[in-house]
Amino acid sequence: MHEAVVSLIGRDRPVELRVWRSFWDRLHTGGLRRGEATALLASLSTRMPDRVTLGAFLDSLAERRPARPADGFGPAVNIVGTGGGPRTFNISTAAAFVAAAMGVRVVKTGSRAYTGSCGSLDLLEELGITPATSYEQTRDVLERCGIAFAGHFVYPREIALLARAVAPLDLRQLGSFVNTLGPFLADVPVTAQVTGVSRPAVLDALRHAAGHTSRATGRTVWLTDNDAGADEFLAFTTNRVRAYESGGEDEFTLVPGALGLGAGHLADLAPAEDGVRGATSLFQDVLAGRGGPAATQTVCLNAAALAVAGRLTGDWHQALGAARAALHNGSALRLVERLRTREAAHA
Numbered sequence: 010m011h012e013a014v015v016s017l018i019g020r021d022r023p024v025e026l027r028v029w030r031s032f033w034d035r036l037h038t039g040g041l042r043r044g045e046a047t048a049l050l051a052s053l054s055t056r057m058p059d060r061v062t063l064g065a066f067l068d069s070l071a072e073r074r075p076a077r078p079a080d081g082f083g084p085a086v087n088i089v090g091t092g093g094g095p096r097t098f099n100i101s102t103a104a105a106f107v108a109a110a111m112g113v114r115v116v117k118t119g120s121r122a123y124t125g126s127c128g129s130l131d132l133l134e135e136l137g138i139t140p141a142t143s144y145e146q147t148r149d150v151l152e153r154c155g156i157a158f159a160g161h162f163v164y165p166r167e168i169a170l171l172a173r174a175v176a177p178l179d180l181r182q183l184g185s186f187v188n189t190l191g192p193f194l195a196d197v198p199v200t201a202q203v204t205g206v207s208r209p210a211v212l213d214a215l216r217h218a219a220g221h222t223s224r225a226t227g228r229t230v231w232l233t234d235n236d237a238g239a240d241e242f243l244a245f246t247t248n249r250v251r252a253y254e255s256g257g258e259d260e261f262t263l264v265p266g267a268l269g270l271g272a273g274h275l276a277d278l279a280p281a282e283d284g285v286r287g288a289t290s291l292f293q294d295v296l297a298g299r300g301g302p303a304a305t306q307t308v309c310l311n312a313a314a315l316a317v318a319g320r321l322t323g324d325w326h327q328a329l330g331a332a333r334a335a336l337h338n339g340s341a342l343r344l345v346e347r348l349r350t351r352e353a354a355h356a
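Take any residue in the sequence shown, note its place counting from 1, add 9, and you have its number in my numbering.
Printed below as a string of structure tokens:
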């Protein structure tokens with residue numbers, strides 16, 4: 010059995026960089042024994058690994074990535090959660106459009122549904138918006154529209170190889186570790202990232218991943234969580250934020266009442282019950298300003314967080330005001346139509 014698998018099962022020593030390199034080499038060449046990939050994912054998903062193992066895991070994948078444009082996308086922000094937690098409508102995707110309508114440059118990553126019925130990629134597909142398939146295409150859409158959605162190309166090829174190796178088992182069920190760590194696996198050259206964490210049990214490991222990513226890329230990374238267990242900012246409960254920048258860590262709390270927010274419950278953020286089509290209709294209603302107060306305020310709060318993390322402004326009240334204006338004057342919804350029109354023109 011490969012040394013990485015033995016170490017993860019035994020938990021008696023960390024998996025160092027050289028061991029991860031060996032594991033990926035064997036994965037690429039088909040040299041793993043039957044069941045080793047399954048055992049590795051099951052062990053990682055049962056309990057988050059130690060810091061040395063986690064850091065080496067991230068470094069081992071980063072060094073295998075193909076080259077990308079050295080100058081990145083310029084100032085841009087990504088909002089992406091770890092998944093899990095209470096089922097809600099597509100808050101982060103709505104916030105991405107509102108933030109972009111405010112003037113924040115947004116490059117968003119995401120996935121298909123993991124625990125819910127409609128993930129960000131499911132929603133985009135229903136809207137008729139195709140995620141970019143290369144860095145060049147992402148940059149082109151970003152420059153033209155102020156927002157772009159990056160497709161699977163930003164994730165390590167090794168993840169796809171693991172999915173094939175464990176088939177016919179479902180990676181979404183077996184590999185919860187991959188989904189949880191997903192925000193830090195995507196190679197997106199943004200300057201800031203806002204990531205919500207739904208499970209307190211993984212928070213310590215993700216704090217290490219966030220700090221590791223910030224130091225390695227120079228990116229500002231915010232981790233946010235709340236007592237409701239949602240992986241987005243909520244407008245009716247206190248949100249805790251850990252910010253990583255230039256090798257340092259800062260913590261602050263965001264109290265909705267201090268920002269003039271606070272009314273609502275999780276039930277006000279519930280997804281539509283009739284699948285992707287219903288989720289898309291609800292999403293458009295929210296962007297059209299027809300959402301309930303809690304839904305509207307929560308989307309605006311997340312959009313404001315992108316503006317502050319991305320340094321468009323340092324004033325939360327100003328950011329919230331701009332978010333409300335972008336939602337209620339129709340500019341956020343028009344941005345959706347602009348992307349759809351672009352897709353139709355390039356079809």
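Heads up, the beta-carbon is just placed ideally off N, CA and C, and yes, glycines get one too.
Close beta carbons around residue i, own chain, < 8 Å, minus the five adjacent residues each side
i, result
"Lys117", "Asn87, Ile88, Val89, Ser101, Thr102, Ala105, Ser129, Ile156, Ala157, Phe158 and Ala159"
"Ala356", "The predicted position of Ala356 is uncertain, since its pLDDT is 45 and thus under 50; no value can be drawn from it."
"Leu183", "Thr47, Leu50, Ala51, Ser54 and Val175"
"Glu152", "none"
"Ala288", "Phe98, Asn99, Ser126, Cys127, Asp131, Leu132, Glu135, Pro280 and Ala281"
"Leu344", "Phe106, Ala109, Ala110, Cys154, Gly155 and Ile156"
"Ala210", "Met57"
Cβ shell of residue i (< 6 Å), same chain only, five flanking positions each side left out
i, result
"Ser185", "Ser54"
"Ala354", "Because Ala354 carries a pLDDT of 47, less than 50, the predicted location of this residue cannot be relied on, and no value is offered for it."
"Gly205", "Gly90, Thr233, Asp240 and Glu241"
"Ala314", "Val203 and Phe242"
"Arg286", "none"
"Ser16", "Arg22 and Val24"
"Arg333", "Cys309"
"Arg3", "In this structure the chain extends from 10 to 356, so residue 3 is not present and cannot be described."
"Tyr253", "Ala219, Gly220, Ser223 and Val230"
Close beta carbons around residue i, own chain, < 7 Å, minus the five adjacent residues each side
i, result
"Arg216", "Leu232 and Arg251"
"Val197", "Asn87, Val116, Thr118, Ala159 and Val163"
"Ala267", "none"
According to DSSP, residues forming a beta bridge with residue i
i, result
"Gly170", "One point to set straight first is that residue 170 is Leu, not Gly, in the sequence displayed. Answer by DSSP bridge pairing: none, since Leu170 is not bridged."
"Gln202", "Asn87 and Val230"
"Leu263", "Asn248"
"Glu254", "Gly257"
"Asn235", "Asn248"
"Val317", "Partner(s): none; Val317 has no beta bridge."
"Val116", "Ala157"
9 Å Cβ cutoff met for residue i and residue j
i, j, result
"Ala341", "Ala303", "no"
"Ala331", "Gly112", "yes"
"Leu171", "Leu49", "yes"
"Thr200", "Pro78", "no"
"Leu336", "Val317", "no"
"His221", "Leu67", "yes"
"Ala297", "Ala312", "no"
Reference residue i, options the options, closest by Cα
i, options, result
"Asp213", "Leu194, Gly44 and Asp234", "Asp234"
"Phe32", "Ala65, Arg20, Val61 and Met57", "Ala65"
"Arg43", "Thr62, Val175, Ala313 and Ala201", "Val175"
"Gly191", "Ala108, Ala169 and Pro177", "Ala169"
"Ala279", "Pro265, Gly269, Val295 and Arg166", "Val295"
"Gly19", "Ser143, Thr38, Ala51 and Ser69", "Ala51"
"Cys127", "Thr350, Asn338, Gly284 and Ser290", "Gly284"
"Arg35", "Val150, Pro95, Glu167 and Gln327", "Glu167"
"Val230", "Ser255, Arg299 and Thr38", "Ser255"
"Pro165", "Arg148, Asp259 and Glu72", "Glu72"
"Gly301", "Thr322, Leu275 and Gly323", "Leu275"
"Gly94", "Asp236, Glu258 and Leu291", "Asp236"
is_contact[residue i, chain D] using C-beta, thresh 9 Å
i, result
"Ala48", "Structure shown: chain D not included; a single protein chain is present."
Legend entry - Segments of 4+ residues assigned as alpha helix (DSSP H) that fall wholly inside the stretch 39-83: 45-55 and 60-71
Legend entry - In chain order, each beta strand (DSSP E) run of at least 3 residues that lies wholly inside the stretch 126-182: 156-158
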